[in-house]
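Engineer: Right, I'll just put the structure down here and ask away after.
Residue numbers (the UniProt record's numbering): 1 to 463.
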(Lines of atoms letter the chains of each structure in order from A; the text may use other names.)
(Lines give C-alpha, C1' and ligand atoms only; values in the text may rest on other atoms or scores of the structure.)
Protein backbone atom coordinates (compact mmCIF):
# COMPACT_ATOMS: atom_id res chain seq x y z
CA UNK A 1 0.00 0.00 0.00
CA UNK A 2 1.25 3.47 -0.92
CA UNK A 3 0.29 6.95 0.23
CA UNK A 4 -0.02 9.62 -2.48
CA UNK A 5 0.15 13.39 -2.01
CA UNK A 6 1.28 16.54 -3.84
CA UNK A 7 3.23 19.27 -1.96
CA UNK A 8 1.66 21.86 -4.28
CA UNK A 9 -0.46 22.14 -7.38
CA UNK A 10 2.59 22.42 -9.64
CA UNK A 11 4.49 19.55 -8.06
CA UNK A 12 4.43 15.96 -9.21
CA UNK A 13 2.72 13.26 -7.20
CA UNK A 14 4.79 11.77 -4.37
CA UNK A 15 4.22 8.20 -3.24
CA UNK A 16 5.45 6.81 0.06
CA UNK A 17 5.07 3.24 1.38
CA UNK A 18 2.34 2.95 3.96
CA UNK A 19 2.45 -0.79 4.64
CA UNK A 20 1.50 -4.19 3.27
CA UNK A 21 -1.12 -6.79 3.98
CA UNK A 22 -0.24 -10.41 4.58
CA UNK A 23 -3.21 -11.65 6.50
CA UNK A 24 -2.50 -8.77 8.85
CA UNK A 25 -1.73 -5.15 8.01
CA UNK A 26 1.89 -4.17 8.68
CA UNK A 27 2.55 -0.42 8.99
CA UNK A 28 5.87 0.55 7.41
CA UNK A 29 5.59 4.34 7.83
CA UNK A 30 8.63 5.99 9.40
CA UNK A 31 6.36 8.34 11.36
CA UNK A 32 2.73 7.86 12.23
CA UNK A 33 2.14 11.62 12.61
CA UNK A 34 0.69 13.21 9.51
CA UNK A 35 2.66 16.43 10.12
CA UNK A 36 6.05 14.71 10.26
CA UNK A 37 5.42 12.83 7.02
CA UNK A 38 4.23 15.82 4.98
CA UNK A 39 5.92 18.82 6.58
CA UNK A 40 8.31 19.20 3.65
CA UNK A 41 6.48 21.20 0.97
CA UNK A 42 9.50 21.09 -1.34
CA UNK A 43 10.14 24.83 -1.52
CA UNK A 44 6.58 25.73 -2.45
CA UNK A 45 6.15 29.53 -2.13
CA UNK A 46 3.84 30.68 0.66
CA UNK A 47 2.84 34.34 0.79
CA UNK A 48 2.01 36.41 3.86
CA UNK A 49 -0.01 39.62 3.75
CA UNK A 50 1.48 42.06 6.28
CA UNK A 51 -0.69 44.88 7.62
CA UNK A 52 1.27 48.13 8.08
CA UNK A 53 -0.44 51.28 9.28
CA UNK A 54 2.16 53.33 11.13
CA UNK A 55 4.95 53.95 8.60
CA UNK A 56 5.83 52.94 5.05
CA UNK A 57 9.42 52.35 6.18
CA UNK A 58 8.17 49.04 7.60
CA UNK A 59 8.22 47.70 4.03
CA UNK A 60 12.01 47.98 4.19
CA UNK A 61 12.70 46.99 7.80
CA UNK A 62 10.27 44.06 8.10
CA UNK A 63 11.92 41.65 5.60
CA UNK A 64 15.38 42.43 7.03
CA UNK A 65 14.28 41.76 10.64
CA UNK A 66 16.80 44.40 11.75
CA UNK A 67 14.71 45.61 14.72
CA UNK A 68 14.85 49.18 13.48
CA UNK A 69 12.00 51.63 14.18
CA UNK A 70 10.25 49.28 16.56
CA UNK A 71 7.77 52.02 17.38
CA UNK A 72 6.12 51.35 14.01
CA UNK A 73 4.00 48.28 13.16
CA UNK A 74 5.32 46.05 15.93
CA UNK A 75 2.51 43.52 15.46
CA UNK A 76 3.35 42.98 11.80
CA UNK A 77 7.07 42.61 12.57
CA UNK A 78 6.53 40.00 15.29
CA UNK A 79 4.13 38.05 13.07
CA UNK A 80 6.60 38.03 10.19
CA UNK A 81 9.41 36.74 12.45
CA UNK A 82 7.22 33.84 13.62
CA UNK A 83 5.79 33.06 10.21
CA UNK A 84 9.23 33.01 8.63
CA UNK A 85 10.29 30.36 11.16
CA UNK A 86 7.21 28.34 10.20
CA UNK A 87 8.15 28.62 6.53
CA UNK A 88 11.62 27.30 7.37
CA UNK A 89 10.13 24.38 9.32
CA UNK A 90 7.95 23.51 6.33
CA UNK A 91 10.75 24.08 3.80
CA UNK A 92 8.59 26.70 2.07
CA UNK A 93 9.81 29.68 0.08
CA UNK A 94 8.81 32.83 2.02
CA UNK A 95 7.10 35.60 0.12
CA UNK A 96 5.35 38.70 1.38
CA UNK A 97 3.05 41.48 0.31
CA UNK A 98 1.82 44.54 2.21
CA UNK A 99 -1.60 45.92 2.94
CA UNK A 100 -2.62 49.09 4.73
CA UNK A 101 -5.90 47.75 6.10
CA UNK A 102 -6.96 44.73 8.14
CA UNK A 103 -9.98 44.11 5.98
CA UNK A 104 -13.64 44.99 6.33
CA UNK A 105 -16.62 44.30 4.12
CA UNK A 106 -18.01 47.36 2.36
CA UNK A 107 -20.65 47.23 -0.37
CA UNK A 108 -20.23 43.46 -0.56
CA UNK A 109 -16.47 43.65 -1.20
CA UNK A 110 -13.63 42.82 1.16
CA UNK A 111 -10.70 45.19 1.59
CA UNK A 112 -7.14 44.97 2.84
CA UNK A 113 -5.56 41.80 4.16
CA UNK A 114 -8.81 39.79 4.18
CA UNK A 115 -9.26 40.55 0.47
CA UNK A 116 -5.70 39.33 -0.19
CA UNK A 117 -6.59 36.00 1.44
CA UNK A 118 -9.99 35.77 -0.23
CA UNK A 119 -8.62 36.37 -3.74
CA UNK A 120 -5.63 34.04 -3.29
CA UNK A 121 -2.93 36.73 -3.35
CA UNK A 122 -1.78 35.53 0.08
CA UNK A 123 -1.93 32.32 2.10
CA UNK A 124 -1.96 33.88 5.57
CA UNK A 125 -1.92 37.31 7.16
CA UNK A 126 -1.02 39.37 10.21
CA UNK A 127 -2.88 38.14 13.27
CA UNK A 128 -6.09 40.02 13.98
CA UNK A 129 -8.96 40.04 16.44
CA UNK A 130 -11.83 37.61 16.00
CA UNK A 131 -14.57 40.19 16.44
CA UNK A 132 -15.98 40.21 12.91
CA UNK A 133 -18.11 37.14 12.24
CA UNK A 134 -18.31 37.88 8.51
CA UNK A 135 -14.60 37.10 8.16
CA UNK A 136 -15.26 33.46 9.07
CA UNK A 137 -16.87 33.02 5.64
CA UNK A 138 -13.57 33.61 3.84
CA UNK A 139 -10.80 32.84 6.37
CA UNK A 140 -10.07 30.50 9.22
CA UNK A 141 -7.81 31.09 12.20
CA UNK A 142 -4.80 29.08 13.32
CA UNK A 143 -2.93 30.24 16.41
CA UNK A 144 -1.98 33.33 18.38
CA UNK A 145 1.43 34.66 17.36
CA UNK A 146 1.75 38.28 18.48
CA UNK A 147 -0.57 38.97 21.41
CA UNK A 148 -1.88 42.50 21.58
CA UNK A 149 -4.69 44.29 23.37
CA UNK A 150 -6.94 47.08 22.15
CA UNK A 151 -7.92 49.33 25.05
CA UNK A 152 -8.76 52.85 26.15
CA UNK A 153 -5.56 54.09 27.84
CA UNK A 154 -5.78 57.09 30.15
CA UNK A 155 -4.57 58.62 33.37
CA UNK A 156 -6.97 58.43 36.27
CA UNK A 157 -8.47 61.89 36.91
CA UNK A 158 -7.38 63.74 40.06
CA UNK A 159 -9.37 63.03 43.19
CA UNK A 160 -10.55 66.64 43.31
CA UNK A 161 -12.37 66.12 39.97
CA UNK A 162 -14.64 63.38 41.30
CA UNK A 163 -14.92 64.10 45.04
CA UNK A 164 -15.04 66.97 47.49
CA UNK A 165 -11.51 66.63 48.86
CA UNK A 166 -12.24 69.12 51.65
CA UNK A 167 -14.46 66.54 53.34
CA UNK A 168 -12.09 63.59 52.90
CA UNK A 169 -9.22 64.30 55.38
CA UNK A 170 -11.33 63.19 58.36
CA UNK A 171 -13.71 60.28 58.71
CA UNK A 172 -17.37 60.81 59.51
CA UNK A 173 -16.83 60.00 63.18
CA UNK A 174 -14.13 62.70 63.45
CA UNK A 175 -16.40 65.30 61.86
CA UNK A 176 -19.18 64.35 64.28
CA UNK A 177 -16.75 64.62 67.20
CA UNK A 178 -15.64 68.10 66.07
CA UNK A 179 -19.27 69.20 65.82
CA UNK A 180 -20.09 67.86 69.29
CA UNK A 181 -17.01 69.52 70.82
CA UNK A 182 -17.92 72.81 69.13
CA UNK A 183 -21.43 72.66 70.60
CA UNK A 184 -20.06 71.85 74.07
CA UNK A 185 -17.49 74.66 73.76
CA UNK A 186 -20.18 77.15 72.70
CA UNK A 187 -22.34 76.19 75.67
CA UNK A 188 -19.38 76.43 78.09
CA UNK A 189 -18.31 79.83 76.75
CA UNK A 190 -21.89 81.04 76.94
CA UNK A 191 -22.20 80.09 80.62
CA UNK A 192 -18.76 81.55 81.46
CA UNK A 193 -19.44 84.81 79.59
CA UNK A 194 -22.86 85.16 81.17
CA UNK A 195 -21.30 84.83 84.65
CA UNK A 196 -18.58 87.34 83.73
CA UNK A 197 -21.15 89.82 82.37
CA UNK A 198 -23.01 89.70 85.66
CA UNK A 199 -19.84 90.92 87.43
CA UNK A 200 -19.16 93.77 85.02
CA UNK A 201 -18.54 94.53 81.34
CA UNK A 202 -15.76 95.97 79.17
CA UNK A 203 -15.52 96.82 75.41
CA UNK A 204 -13.60 93.59 74.56
CA UNK A 205 -15.54 91.32 76.89
CA UNK A 206 -18.12 88.77 75.79
CA UNK A 207 -21.55 90.17 76.54
CA UNK A 208 -23.02 86.87 77.72
CA UNK A 209 -25.06 86.20 74.56
CA UNK A 210 -25.15 82.99 72.53
CA UNK A 211 -24.06 84.96 69.45
CA UNK A 212 -20.76 86.06 71.00
CA UNK A 213 -20.03 82.55 72.28
CA UNK A 214 -20.77 81.06 68.84
CA UNK A 215 -18.60 83.71 67.14
CA UNK A 216 -15.65 82.82 69.36
CA UNK A 217 -16.18 79.10 68.66
CA UNK A 218 -16.24 79.64 64.90
CA UNK A 219 -13.08 81.73 65.20
CA UNK A 220 -11.36 78.81 66.91
CA UNK A 221 -12.60 76.33 64.30
CA UNK A 222 -11.25 78.49 61.46
CA UNK A 223 -8.08 79.43 63.41
CA UNK A 224 -8.73 83.15 62.84
CA UNK A 225 -9.03 84.58 66.36
CA UNK A 226 -11.67 86.97 67.69
CA UNK A 227 -11.75 90.52 69.07
CA UNK A 228 -13.95 89.45 71.98
CA UNK A 229 -12.47 87.28 74.71
CA UNK A 230 -13.16 86.20 78.30
CA UNK A 231 -11.59 88.28 81.05
CA UNK A 232 -11.59 85.73 83.86
CA UNK A 233 -9.00 82.98 84.25
CA UNK A 234 -11.47 80.10 83.89
CA UNK A 235 -12.85 81.43 80.60
CA UNK A 236 -9.37 82.08 79.19
CA UNK A 237 -8.19 78.55 80.06
CA UNK A 238 -11.28 77.16 78.34
CA UNK A 239 -10.59 79.28 75.24
CA UNK A 240 -6.89 78.33 75.13
CA UNK A 241 -7.63 74.59 75.35
CA UNK A 242 -10.19 74.82 72.57
CA UNK A 243 -7.86 76.82 70.28
CA UNK A 244 -4.92 74.45 70.95
CA UNK A 245 -6.95 71.31 70.21
CA UNK A 246 -8.33 72.73 66.98
CA UNK A 247 -4.85 73.93 65.96
CA UNK A 248 -3.62 70.31 65.98
CA UNK A 249 -6.65 69.21 63.96
CA UNK A 250 -6.06 72.10 61.54
CA UNK A 251 -2.43 71.01 60.99
CA UNK A 252 -3.49 67.43 60.24
CA UNK A 253 -6.29 68.66 57.97
CA UNK A 254 -3.95 70.92 55.96
CA UNK A 255 -1.38 68.14 55.48
CA UNK A 256 -4.05 65.76 54.20
CA UNK A 257 -5.40 68.36 51.78
CA UNK A 258 -1.95 68.73 50.17
CA UNK A 259 -1.74 64.96 49.65
CA UNK A 260 -5.29 64.68 48.32
CA UNK A 261 -4.70 67.43 45.75
CA UNK A 262 -2.04 65.23 44.10
CA UNK A 263 -3.79 61.87 44.53
CA UNK A 264 -5.43 60.03 41.60
CA UNK A 265 -9.01 58.98 42.08
CA UNK A 266 -9.12 55.41 40.69
CA UNK A 267 -12.73 56.23 39.88
CA UNK A 268 -12.81 54.83 36.31
CA UNK A 269 -12.51 51.06 36.23
CA UNK A 270 -15.37 49.93 33.99
CA UNK A 271 -16.74 50.86 30.60
CA UNK A 272 -19.90 52.32 32.17
CA UNK A 273 -17.83 54.59 34.42
CA UNK A 274 -15.77 55.73 31.43
CA UNK A 275 -18.92 56.50 29.43
CA UNK A 276 -20.35 58.53 32.33
CA UNK A 277 -17.14 60.48 32.98
CA UNK A 278 -16.16 63.89 31.63
CA UNK A 279 -12.90 62.54 30.20
CA UNK A 280 -12.34 63.33 26.51
CA UNK A 281 -12.60 60.13 24.44
CA UNK A 282 -10.55 59.67 21.28
CA UNK A 283 -9.03 56.94 19.12
CA UNK A 284 -5.97 56.19 17.04
CA UNK A 285 -6.51 57.30 13.46
CA UNK A 286 -6.28 53.85 11.82
CA UNK A 287 -8.85 51.87 9.89
CA UNK A 288 -10.10 49.48 12.60
CA UNK A 289 -11.11 52.36 14.87
CA UNK A 290 -13.39 53.66 12.11
CA UNK A 291 -15.27 50.33 12.10
CA UNK A 292 -15.20 48.62 15.52
CA UNK A 293 -17.10 51.34 17.39
CA UNK A 294 -20.17 50.87 15.21
CA UNK A 295 -20.30 47.09 15.74
CA UNK A 296 -21.80 47.32 19.24
CA UNK A 297 -25.33 48.38 20.16
CA UNK A 298 -25.41 48.41 23.98
CA UNK A 299 -26.03 51.85 25.56
CA UNK A 300 -22.58 52.42 27.09
CA UNK A 301 -20.70 51.61 23.88
CA UNK A 302 -23.11 53.67 21.79
CA UNK A 303 -22.50 56.69 24.06
CA UNK A 304 -18.75 56.24 23.68
CA UNK A 305 -19.06 55.83 19.91
CA UNK A 306 -21.02 59.09 19.61
CA UNK A 307 -18.36 60.93 21.61
CA UNK A 308 -15.45 59.55 19.60
CA UNK A 309 -17.05 59.80 16.16
CA UNK A 310 -20.10 62.13 16.28
CA UNK A 311 -22.64 62.23 13.50
CA UNK A 312 -22.13 64.73 10.70
CA UNK A 313 -22.97 68.23 11.80
CA UNK A 314 -22.65 67.41 15.52
CA UNK A 315 -18.92 67.78 15.94
CA UNK A 316 -15.53 66.68 14.71
CA UNK A 317 -14.32 63.11 15.09
CA UNK A 318 -11.74 62.60 17.84
CA UNK A 319 -9.00 60.77 15.91
CA UNK A 320 -5.27 61.39 16.48
CA UNK A 321 -1.96 59.76 15.67
CA UNK A 322 0.02 57.94 18.35
CA UNK A 323 2.32 60.83 19.24
CA UNK A 324 -0.44 63.40 19.70
CA UNK A 325 -2.69 60.92 21.47
CA UNK A 326 -0.02 59.99 24.02
CA UNK A 327 0.80 63.65 24.64
CA UNK A 328 -2.85 64.32 25.39
CA UNK A 329 -2.89 61.33 27.75
CA UNK A 330 0.06 62.88 29.58
CA UNK A 331 -1.84 66.15 29.99
CA UNK A 332 -4.70 64.27 31.65
CA UNK A 333 -8.48 63.88 31.31
CA UNK A 334 -8.02 62.13 27.95
CA UNK A 335 -8.68 58.47 27.02
CA UNK A 336 -7.07 57.10 23.86
CA UNK A 337 -8.32 53.92 22.13
CA UNK A 338 -5.55 52.00 20.42
CA UNK A 339 -3.41 48.89 20.48
CA UNK A 340 -1.73 49.44 23.83
CA UNK A 341 1.78 48.16 23.03
CA UNK A 342 2.87 51.09 20.76
CA UNK A 343 1.15 53.50 23.16
CA UNK A 344 3.19 52.15 26.07
CA UNK A 345 6.40 52.41 24.06
CA UNK A 346 5.71 56.10 23.46
CA UNK A 347 4.78 56.57 27.13
CA UNK A 348 8.12 55.11 28.21
CA UNK A 349 9.87 57.66 26.00
CA UNK A 350 7.93 60.77 27.01
CA UNK A 351 6.38 60.38 30.48
CA UNK A 352 8.01 61.29 33.77
CA UNK A 353 8.18 58.56 36.41
CA UNK A 354 5.44 60.04 38.57
CA UNK A 355 3.17 60.35 35.52
CA UNK A 356 3.21 56.58 34.97
CA UNK A 357 1.69 55.76 38.35
CA UNK A 358 -1.93 56.57 37.51
CA UNK A 359 -2.20 54.86 34.10
CA UNK A 360 -5.31 52.76 33.59
CA UNK A 361 -7.01 50.71 30.87
CA UNK A 362 -10.62 49.97 29.97
CA UNK A 363 -11.54 47.30 27.43
CA UNK A 364 -14.11 48.46 24.88
CA UNK A 365 -14.25 45.41 22.61
CA UNK A 366 -14.06 42.52 25.10
CA UNK A 367 -12.37 40.59 22.32
CA UNK A 368 -10.42 37.35 22.35
CA UNK A 369 -6.72 37.06 21.72
CA UNK A 370 -5.69 37.77 18.11
CA UNK A 371 -5.05 34.83 15.78
CA UNK A 372 -3.36 34.34 12.42
CA UNK A 373 -5.93 34.24 9.58
CA UNK A 374 -5.41 31.66 6.84
CA UNK A 375 -7.20 31.33 3.53
CA UNK A 376 -10.35 29.25 3.80
CA UNK A 377 -9.80 25.56 2.90
CA UNK A 378 -6.03 26.02 2.61
CA UNK A 379 -4.26 22.64 2.26
CA UNK A 380 -1.45 23.94 4.47
CA UNK A 381 -3.71 24.89 7.39
CA UNK A 382 -2.93 21.91 9.62
CA UNK A 383 0.79 22.03 8.82
CA UNK A 384 1.00 25.69 9.84
CA UNK A 385 -1.18 25.14 12.90
CA UNK A 386 1.14 22.43 14.25
CA UNK A 387 4.25 24.49 13.42
CA UNK A 388 2.87 27.53 15.24
CA UNK A 389 2.16 25.43 18.32
CA UNK A 390 5.67 23.98 18.30
CA UNK A 391 7.16 27.49 18.15
CA UNK A 392 5.02 28.60 21.06
CA UNK A 393 5.71 25.51 23.19
CA UNK A 394 9.45 25.85 22.62
CA UNK A 395 9.39 29.41 24.00
CA UNK A 396 10.51 31.01 20.74
CA UNK A 397 7.30 32.99 20.38
CA UNK A 398 7.48 34.53 23.87
CA UNK A 399 11.16 35.40 23.31
CA UNK A 400 10.33 37.28 20.10
CA UNK A 401 7.44 39.09 21.78
CA UNK A 402 9.63 40.25 24.67
CA UNK A 403 12.27 41.50 22.25
CA UNK A 404 9.81 43.82 20.51
CA UNK A 405 6.84 44.54 22.78
CA UNK A 406 6.87 47.08 25.60
CA UNK A 407 4.74 46.09 28.63
CA UNK A 408 2.69 48.49 30.69
CA UNK A 409 5.05 50.97 32.41
CA UNK A 410 5.61 50.14 36.04
CA UNK A 411 5.37 52.73 38.77
CA UNK A 412 8.80 52.49 40.37
CA UNK A 413 8.04 54.94 43.15
CA UNK A 414 5.21 57.36 43.70
CA UNK A 415 7.35 60.47 43.95
CA UNK A 416 5.41 63.56 44.93
CA UNK A 417 5.83 66.50 42.58
CA UNK A 418 4.66 70.07 42.36
CA UNK A 419 1.05 70.28 41.28
CA UNK A 420 -0.63 73.60 40.63
CA UNK A 421 -4.09 74.09 42.08
CA UNK A 422 -6.78 75.03 39.59
CA UNK A 423 -10.19 76.60 39.93
CA UNK A 424 -11.83 73.19 39.64
CA UNK A 425 -9.88 71.96 42.67
CA UNK A 426 -11.28 74.86 44.70
CA UNK A 427 -14.84 74.45 43.45
CA UNK A 428 -16.27 73.38 46.87
CA UNK A 429 -14.54 76.34 48.58
CA UNK A 430 -15.76 78.84 45.99
CA UNK A 431 -19.29 77.48 46.23
CA UNK A 432 -19.11 77.75 50.02
CA UNK A 433 -18.03 81.38 49.69
CA UNK A 434 -20.83 82.14 47.25
CA UNK A 435 -23.39 80.49 49.51
CA UNK A 436 -22.00 82.43 52.46
CA UNK A 437 -22.17 85.74 50.61
CA UNK A 438 -25.71 84.99 49.46
CA UNK A 439 -26.75 84.03 53.00
CA UNK A 440 -25.17 87.17 54.49
CA UNK A 441 -26.88 89.41 51.94
CA UNK A 442 -30.21 87.69 52.61
CA UNK A 443 -29.77 88.08 56.38
CA UNK A 444 -28.82 91.75 55.94
CA UNK A 445 -31.95 92.38 53.87
CA UNK A 446 -34.08 90.63 56.49
CA UNK A 447 -32.48 92.68 59.29
CA UNK A 448 -33.12 95.92 57.38
CA UNK A 449 -36.76 94.96 56.82
CA UNK A 450 -37.22 94.03 60.47
CA UNK A 451 -35.57 97.28 61.55
CA UNK A 452 -37.87 99.32 59.31
CA UNK A 453 -40.92 97.44 60.54
CA UNK A 454 -39.97 98.04 64.16
CA UNK A 455 -39.33 101.74 63.45
CA UNK A 456 -42.65 102.12 61.67
CA UNK A 457 -44.46 100.36 64.51
CA UNK A 458 -42.85 102.62 67.11
CA UNK A 459 -43.80 105.66 65.04
CA UNK A 460 -47.41 104.51 64.86
CA UNK A 461 -47.51 103.85 68.61
CA UNK A 462 -46.26 107.39 69.32
CA UNK A 463 -49.05 108.89 67.19
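Heads up, the beta-carbon is just placed ideally off N, CA and C, and yes, glycines get one too.
What distance in whole Å lies between the Cβ atoms of residue 335 and residue 281, which are believed to be in contact at a cut-off of 8 Å?
Structural biologist: One-based indexing of the chain shown puts residue 281 at position 281. One-based indexing of the chain shown puts residue 335 at position 335. Yes, they are in contact, since the Cβ atoms of residue 281 and residue 335 sit about 5 Å apart, within 8 Å.
Engineer: Pull up the distance between the alpha-carbon of residue 76 and that of residue 256, whole angstroms please.
Structural biologist: Residue numbering aside, residue 76 sits at position 76 when the chain shown is read from its first letter. Residue numbering aside, residue 256 sits at position 256 when the chain shown is read from its first letter. Spanning the two alpha carbons is a distance of roughly 49 Å.
Engineer: Report yes or no: do three or more beta-carbon pairs, one from the region 101-118 and one from the region 319-337, lie closer than 8 Å?
Structural biologist: Because the criterion of three Cβ pairs below 8 Å is not met, the region 101-118 and the region 319-337 do not touch.
Engineer: If I'm right that residue 71 touches residue 342 with Cβ under 8 Å, what's the distance once you round it to whole angstroms?
Structural biologist: Here residue 71 corresponds to residue number 71 of the chain shown, with the count starting at 1. Here residue 342 corresponds to residue number 342 of the chain shown, with the count starting at 1. Between residue 342 and residue 71 the Cβ distance is about 6 Å, and since that is below 8 Å, they are a contact.
Engineer: Run the CB neighbour count on residue 48, radius 10 Å, all protein chains shown included, and call it buried at 16 or more, exposed below.
Structural biologist: For the purposes of this step, residue 48 is identified with residue 48 of the chain shown, where counting begins at 1. The residue in question, residue 48, is buried, as its Cβ has 16 or more Cβ neighbours within 10 Å.
Engineer: Here's the rule I'm using: 16 or more other beta-carbon atoms within 10 Å means buried, otherwise exposed. How should residue 73 be labelled?
Structural biologist: Stepping through the chain shown from its first residue, residue 73 is reached at position 73. Buried.
Engineer: Are the region 37-46 and the region 379-386 touching, with three or more C-beta to C-beta distances below 8 Å?
Structural biologist: The region 37-46 is in contact with the region 379-386.
Engineer: Does the distance from the CB of residue 471 to the CB of residue 291 come in under 8 Å?
Structural biologist: Look at the range of the chain in this structure, 1 to 463, and you will see that residue 471 is not part of it.
Engineer: Touch check for the region 148-156 and the region 361-372: three-plus C-beta pairs under 8 Å?
Structural biologist: Enough Cβ pairs lie closer than 8 Å, so yes.
Engineer: Which residue comes first and which comes last in the alpha helix (DSSP H) that contains residue 235?
Structural biologist: Looking up residue 235 in the chain shown gives position 235. Run containing residue 235: 233-261, per the alpha helix (DSSP H) assignment.
Engineer: Output needed for residue 283: all residues of its chain with C-beta closer than 6 Å, excluding positions within five of it in sequence on either side, in chain order.
Structural biologist: In the chain shown, the residue the question calls residue 283 occupies position 283. Hits under 6 Å: 289, 308, 319 and 337.
Engineer: Excluding five sequence neighbours on each side, which residues of the same chain lie with their C-beta closer than 6 Å to the C-beta of residue 164?
Structural biologist: For the purposes of this step, residue 164 is taken as the residue at position 164 of the chain shown. Excluding sequence neighbours, residue 164 sits near 428.
Engineer: Please determine whether the Cβ atom of residue 292 lies at a distance below 7 Å from any heavy atom of the ligand ZN.
Structural biologist: No copy of the ligand ZN appears in this structure; indeed no ligand is present at all.
Engineer: Can you check whether the CB of residue 375 is closer than 8 Å to the CB of residue 123?
Structural biologist: The residue labelled residue 123 in the question sits at position 123 within the chain shown. The residue labelled residue 375 in the question sits at position 375 within the chain shown. Yes; because the gap between Cβ atoms is below 8 Å, this pair is in contact.
Engineer: CB residue 160 to CB residue 261, shorter than 8 Å?
Structural biologist: To locate residue 160, count along the chain shown from 1; it is residue 160. To locate residue 261, count along the chain shown from 1; it is residue 261. Contact: yes.
Engineer: Three-state secondary structure (DSSP) at residue 454?
Structural biologist: For this step, residue 454 is matched to residue 454 along the chain shown. Of the three classes helix, strand and coil, the one that applies to residue 454 here is helix, per DSSP.
Engineer: If you count every other CB in all the chains shown that lies within 10 Å of the CB of residue 185, and 16 or more means buried, which is it?
Structural biologist: Start at 1 with the first residue of the chain shown, and residue 185 comes out as number 185. Residue 185 comes out buried.
Engineer: Would you report the Cα separation of residue 299 and residue 271, rounded to the nearest angstrom?
Structural biologist: Position 299 of the chain shown, counted from the first residue, corresponds to residue 299. Position 271 of the chain shown, counted from the first residue, corresponds to residue 271. Approximately 11 Å between the Cα atoms of the pair.
Engineer: When the Cα of residue 53 is compared with those of 455, 101 and 355, which residue comes out closest?
Structural biologist: What you label residue 53 is simply residue 53 of the chain shown in a count that begins at 1. Ranking 455, 101 and 355 by Cα distance to residue 53 puts 101 first.
Engineer: Is it buried or exposed for residue 454, if we count other Cβ within 10 angstroms and need 16 for buried?
Structural biologist: Locating residue 454 in the chain shown gives position 454, where the first residue counts as 1. Classification of residue 454: exposed, given that the 10 Å Cβ count is below 16.
Engineer: Please name the residue, chosen from 37, 23, 17 and 33, that lies closest to residue 7 on a Cα-to-Cα basis.
Structural biologist: Translated into positions along the chain shown, residue 7 becomes position 7. That would be 37, whose Cα lies nearest to the Cα of residue 7.
Engineer: With a threshold of 7 Å on Cβ separation, who are the neighbours of residue 369 within its own chain once the five nearest residues in sequence on each side are excluded?
Structural biologist: Mapped onto the chain shown, residue 369 falls at position 369. 144 and 147.
Engineer: I'd like the ranges of any beta strand (DSSP E) spanning at least 3 consecutive residues and lying wholly in the region 310-341.
Structural biologist: The qualifying runs are 334-339.
Engineer: Is residue 132 helix, strand or coil when you go by DSSP?
Structural biologist: Start at 1 with the first residue of the chain shown, and residue 132 comes out as number 132. In the structure shown, residue 132 sits in coil (DSSP, three-state: anything other than H, G, I, E or B).
Engineer: Is residue 87 closer than 8 Å to residue 59 when the C-beta atoms are compared?
Structural biologist: Residue numbering aside, residue 59 sits at position 59 when the chain shown is read from its first letter. Residue numbering aside, residue 87 sits at position 87 when the chain shown is read from its first letter. Their beta carbons are not under 8 Å apart, which means residue 59 does not touch residue 87 by this criterion.
Engineer: For a minimum of 4 consecutive residues, which ranges assigned as the alpha helix (DSSP H) are wholly contained in the region 32-88?
Structural biologist: DSSP runs (the alpha helix (DSSP H)) wholly in the region 32-88: 34-38 and 58-64.
Engineer: Taking the straight line between their C-alpha atoms, what separation do you get for residue 356 and residue 347?
Structural biologist: Stepping through the chain shown from its first residue, residue 356 is reached at position 356. Stepping through the chain shown from its first residue, residue 347 is reached at position 347. The alpha-carbon atoms of residue 356 and residue 347 are separated by roughly 8 Å.
Engineer: Which of the three DSSP states, helix, strand or coil, is assigned to residue 344?
Structural biologist: Your numbering for residue 344 matches position 344 in the chain shown. Reduced to three states, the DSSP call for residue 344 is helix.
Engineer: Have a look at residue 402 and residue 169 and give me their C-alpha separation to the nearest angstrom.
Structural biologist: Locating residue 402 in the chain shown gives position 402, counting from the first residue. Locating residue 169 in the chain shown gives position 169, counting from the first residue. In a straight line, the C-alpha of residue 402 is about 43 Å away from that of residue 169.
Engineer: Among the residues of its own chain, which have a CB less than 6 Å from the CB of residue 83, if the five just before and after it don't count?
Structural biologist: The sequence position of residue 83 within the chain shown is 83, counting from 1. 48, listed in sequence order.
Engineer: Near residue 404, what residues of its chain come up, given a Cβ to Cβ distance below 7 Å and the 5 sequence neighbours on each side ignored?
Structural biologist: If you number the chain shown from 1, residue 404 lands on position 404. Answer for residue 404: 70, 74, 77 and 78, listed in chain order.
Engineer: Per the DSSP calculation, residue 97 is bridged to which residue(s)?
Structural biologist: As a working note, residue 97 is residue 97 in the chain shown. According to DSSP, residue 97 bridges with 49.
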